[in-house]
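Each remark here refers to the structure printed beneath this line.
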Amino acid sequence: MNRIPQAQRDRGTKAQREVKRKTLCLCALVPMCLILFFSIASAQSVTEGFSARKMEGQILKWELEADSARFEENLKTLKGVKVKFYPEDKVPFTIKADDGSVKENVPLTNATINETVSKKDEIYLQNNVQVIGYLNSTIKCDNLSWDSISEIMRSQDKVEIEAEKWNIKGKGMEFSPSGDTITIKKDVTMEIIGQ
Amino acid sequence: MIKRYNLNRIIFLIFTMLLMLSAISTTFAEDTVILNEDTISEKAVRQMTDGRQISADHLKWEYNAGIAVFTGNVIMKGSEEGEIRCLKMTVFFNEEDEIEKIVSEENATLTRQKQKGGAEIIDIYSDKNLIILKQEAWISSNKTTFQGDEIIFDTKNEIINITKGVRGQIQTGSEEDNKDIEIR
Numbered sequence: 004m005n006r007i008p009q010a011q012r013d014r015g016t017k018a019q020r021e022v023k024r025k026t027l028c029l030c031a032l033v034p035m036c037l038i039l040f041f042s043i044a045s046a047q048s049v050t051e052g053f054s055a056r057k058m059e060g061q062i063l064k065w066e067l068e069a070d071s072a073r074f075e076e077n078l079k080t081l082k083g084v085k086v087k088f089y090p091e092d093k094v095p096f097t098i099k100a101d102d103g104s105v106k107e108n109v110p111l112t113n114a115t116i117n118e119t120v121s122k123k124d125e126i127y128l129q130n131n132v133q134v135i136g137y138l139n140s141t142i143k144c145d146n147l148s149w150d151s152i153s154e155i156m157r158s159q160d161k162v163e164i165e166a167e168k169w170n171i172k173g174k175g176m177e178f179s180p181s182g183d184t185i186t187i188k189k190d191v192t193m194e195i196i197g198q
Numbered sequence: 003m004i005k006r007y008n009l010n011r012i013i014f015l016i017f018t019m020l021l022m023l024s025a026i027s028t029t030f031a032e033d034t035v036i037l038n039e040d041t042i043s044e045k046a047v048r049q050m051t052d053g054r055q056i057s058a059d060h061l062k063w064e065y066n067a068g069i070a071v072f073t074g075n076v077i078m079k080g081s082e083e084g085e086i087r088c089l090k091m092t093v094f095f096n097e098e099d100e101i102e103k104i105v106s107e108e109n110a111t112l113t114r115q116k117q118k119g120g121a122e123i124i125d126i127y128s129d130k131n132l133i134i135l136k137q138e139a140w141i142s143s144n145k146t147t148f149q150g151d152e153i154i155f156d157t158k159n160e161i162i163n164i165t166k167g168v169r170g171q172i173q174t175g176s177e178e179d180n181k182d183i184e185i186r
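Protein chains in written order, with the numbering used here: chain A, 4 to 198; chain B, 3 to 186.
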């Protein structure tokens with residue numbers, strides 16, 4: 004009979020217990036560290052009271068304010084957004100939205116080598132979007148996008164434009180902040196009050 | 003026992019008072035709602051009666067130029083001129099956002115209470131109470147139909163002035179008895 008001495012057996016069980024304890028500790032520590040790391044990382048990326056502005060030389064193009072912002076590489080996710088546009092030779096107007104995002108330096112997919120601009124900025128706004136003061140009216144929609152290349156505001160969904168003497172309802176809209184032309188893509192109804 | 007009886011009475015009284023108070027407040031609240039409804043309906047009525055409604059598939063509005071171009075299945079309702087249907091309608095606004103002129107093109111038709119008309123182009127000058135039907139224009143009223151290159155319709159005085167190549171049709175009795183009139 005091959006008998007293991009008692010002392011050797013005790014040492015074996017002790018070592019096993021030690022391994023077990025260390026494994027358990029490791030199992031508990033790793034998730035804790037991960038949670039701690041991500042919580043710190045996310046806490047660092049969320050900022051209360053965010054603001055940004057875009058200048059072209061000495062000219063202020065737009066300025067943006069948000070109640071909070073989350074930063075991820077070149078994307079800023081915003082809450083409680085307010086953007087003020089300063090079109091050239093025109094009255095400035097404000098856009099408000101519950102949520103939004105700003106993408107900076109987005110590479111142009113179809114940019115040619117000769118083109119000086121190969122990157123663009125994008126602003127996307129959604130939920131309770133209101134454009135106040137553009138063409139003496141208030142535009143209400145659920146989403147609005149803009150990019151620095153086309154400089155055109157676009158909305159795909161239902162749109163309502165209210166002014167003192169008229170209001171327009173429709174689906175899909177395009178307008179240029181620096182221009183004065185509004186296009187409604189579908190199902191337009193315009194009411195001209197008192198005329 | 004008496005105390006408990008009194009307590010019950012007090013509770014009953016409080017309950018009744020609360021009930022009365024809620025009834026009074028509900029009545030007043032209803033009044034307020036009615037007043038608000040009146041205000042809203044006043045605006046709605048103003049829009050429905052005085053307002054012009056234009057529906058279309060597409061709109062391009064050059065605001066500073068005061069030109070709104072409606073295209074595709076254009077219908078204009080709620081105006082003094084009547085109902086206009088066409089494929090393209092251009093509305094010209096002045097600086098006060100008031101309509102100066104409306105040009106309806108492509109299969110333009112006009113439907114009024116007493117008249118019906120159509121032309122390639124229908125111009126409306128609402129401030130002058132004038133409707134001008136141009137190119138292959140026609141207008142019918144009761145049993146008469148007139149055609150011409152240009153029909154000028156004074157909506158205020160109900161006067162129709164037809165110029166250039168006027169042709170008319172008067173239905174005197176049955177449809178077989180129709181008389182064609184040609185004025186040169």
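By construction, the Cβ of each residue, glycine as well, lies at the ideal position given by its N, Cα and C atoms.
* Compare the C-beta of B:Q55 with all C-beta atoms of chain A and state if any pair is closer than 7 Å. => Taking a beta-carbon distance threshold of 7 Å, B:Q55 counts as an interface residue toward chain A.
* Look at the Cβ atom of B:S57, then the Cβ atom of A:T192, and state whether they are nearer than 7 Å. => yes
* To do: Using 10 angstroms around the beta-carbon of B:D129, count the other beta-carbons present and answer buried if the total reaches 16, otherwise exposed.
  => exposed
* Per DSSP, B:E152 forms a beta bridge with which residues? -> B:K136 and B:T165.
* For A:A166 and A:N130, believed in contact at Cβ under 8 Å, the rounded distance -> Not a contact, Cβ separation roughly 23 Å.
* Asked: How would you write the range of the beta strand (DSSP E) that B:K130 sits in, first residue to last?
  -> No beta strand (DSSP E) holds B:K130; DSSP gives it neither H nor E.
* **Alpha-carbon to alpha-carbon, A:L138 and A:W169** => C-alpha of A:W169 to C-alpha of A:L138: approximately 12 Å in a straight line.
* To do: For chain A, find out if any of its Cβ atoms is closer than 7 Å to the Cβ of B:D99; answer yes or no.
  => Yes, because at least one Cβ of chain A sits closer than 7 Å to the Cβ of B:D99.
* Asked: From the DSSP output, which residues share a beta bridge with A:P110?
  -> A:K122
* Which residues in chain A sit within 9 Å of B:L61, going by Cβ to Cβ distance? -> Correct list: I171, G173, I185, T186, I187, K188, V191 and M193.
* Ignore the nearest five residues each way along the sequence and tell me which others in B:Q137's own chain have a CB closer than 7 Å to its CB. => Setting aside the 5 residues that flank it on each side, B:Q137 is surrounded in the same chain by A121, E122, I123 and D151, each with a C-beta closer than 7 Å to its C-beta; the list follows chain order.
* To do: Can you grab the Cα-Cα spacing for the pair A:E59 / A:A72, in whole Å?
  => 24 Å
* Asked: Would you say A:D204 and A:S148 are within 7 Å of each other, going by their C-beta atoms?
  -> The question about residue 204 of chain A has no answer, for chain A in this structure spans 4 to 198.
* To do: Sort out for me which residues DSSP pairs B:M19 with in a bridge.
  => BP columns for B:M19 are empty, so no partner.
* To do: In the DSSP assignment, find the beta strand (DSSP E) that holds B:N109 and state where it starts and stops.
  => Residues I101 to T113.
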